[in-house]
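Below is one structure, written out as structure tokens; comments come after it.
Numbering (this note's numbering), first residue to last: 12 to 114.
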């Protein structure tokens, strides 16, 4: 086909949280500040979240940054990390904020 010209259009991509690898349970540290506030740090590979979880109701604590939302149910000990923009679940695992060795 002589004289056929095809045009290409560049697409822009918005930055997304980078996660190099996912395991079922990333390294997690929790410190209970008071009955309504927990400090949490979650790390694995290039993923890092450090922030405060605030009680929303009952045993549910929620915190977020620009990219992810972290939900912790202190009753079931379940931690869920989701991408705020897409709703994709990054992590869903169990973690206790109590020293079970001391029980």
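Quick reminder that beta carbons are idealized off the backbone N, C-alpha and C, glycines included.
The structure presented is a predicted model; accordingly, all values stated were derived computationally and were not measured.
Identify, in the order they occur along the chain, each residue of the same chain with its Cβ nearer than 7 Å to the Cβ of residue 62, setting aside the five sequence neighbours on each side. 51, 74 and 76
Proximal residues to residue 103 (C-beta, below 6 Å), its chain only, five neighbours per side dropped: Once the five neighbours on either side are set aside, the close Cβ partners of residue 103 are 91.
What is the residue span of the beta strand (DSSP E) that residue 85 lies within? For residue 85, there is no enclosing beta strand (DSSP E), since its DSSP letter is neither H nor E.
What does the Cβ neighbour count give for residue 44, buried or exposed, with the cut at 16 atoms within 10 Å? exposed
In its own chain, which residues sit with a C-beta less than 6 Å from the C-beta of residue 40, not counting the 5 before and 5 after it? 52
I'd like the span of the beta strand (DSSP E) that includes residue 42, first residue to last. 38 to 45
Going by C-alpha to C-alpha distance, which of 99, 60 and 109 sits closest to residue 84? 109
Just the Cα atoms here: how many angstroms apart are residue 67 and residue 49? 12 Å
Using 10 angstroms around the beta-carbon of residue 3, count the other beta-carbons present and answer buried if the total reaches 16, otherwise exposed. It is not possible to answer for residue 3, since the shown part of the chain is limited to 12 through 114.
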